[in-house]
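Engineer: Numbering (my numbering), first residue to last: 53 to 156.
Think of the CB as a built atom: it goes at the ideal place given N, C-alpha and C, for glycine as much as any other residue.
1. By the 10 Å Cβ neighbour count, where 16 or more other Cβ atoms means buried, how is residue 124 classified, buried or exposed?
2. Taking all protein chains shown into account, do 16 or more other C-beta atoms lie within 10 angstroms of the C-beta of residue 107, making it buried, or fewer, making it exposed?
3. Ignore the nearest five residues each way along the sequence and tell me which others in residue 140's own chain have a CB closer than 8 angstroms to its CB.
4. In whole angstroms, what separates the C-alpha of residue 83 from that of residue 98?
5. Sorted by chain position, which residues of the same chain lie with C-beta nearer than 6 angstroms to residue 133's C-beta, five sequence neighbours on each side aside?
6. Return the first residue and the last residue of the beta strand (DSSP E) that residue 77 is part of.
7. Considering only C-alpha positions, which residue in the set 145, 81, 146 and 54 is nearest to residue 96?
8. Compare the Cα-Cα distances from residue 150 to each of 74, 62, 61 and 60 and report the closest residue.
9. Output the distance between the C-alpha atoms of residue 152 and residue 103, rounded to the nearest integer angstrom.
Now the structure itself:
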């Protein structure tokens, strides 16, 4: 059984036991989160495509880690105008382990 979920504006294909890294979600390490935006569900009953989401379907996941990615450099420049700006950015992420896919 697998599902396609949406979180943080991106879509992920998940099965039970899948470990994935998504945009930051609130919660502490060890707590579980439920994701209700299930776009597609494939299981014993066949394929169910949401319009836009599958009604009554949820994916439960456990938070493994909260962190930040490697730093990237953001550099802006306008030629011949003596304009240069350098900044860094580190995006926050949450690492999840999918523990279950439920339907009603």
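Structural biologist: Put simply:
1. exposed
2. exposed
3. Cβ neighbours of residue 140 beyond the five flanking positions: 123, 124, 125 and 126.
4. 31 angstroms
5. none
6. Taken as a continuous stretch (DSSP letters only), residue 77 belongs to no beta strand (DSSP E), as it is neither H nor E.
7. Ranking the options by Cα distance to residue 96, first place goes to 54.
8. 74
9. 22 angstroms
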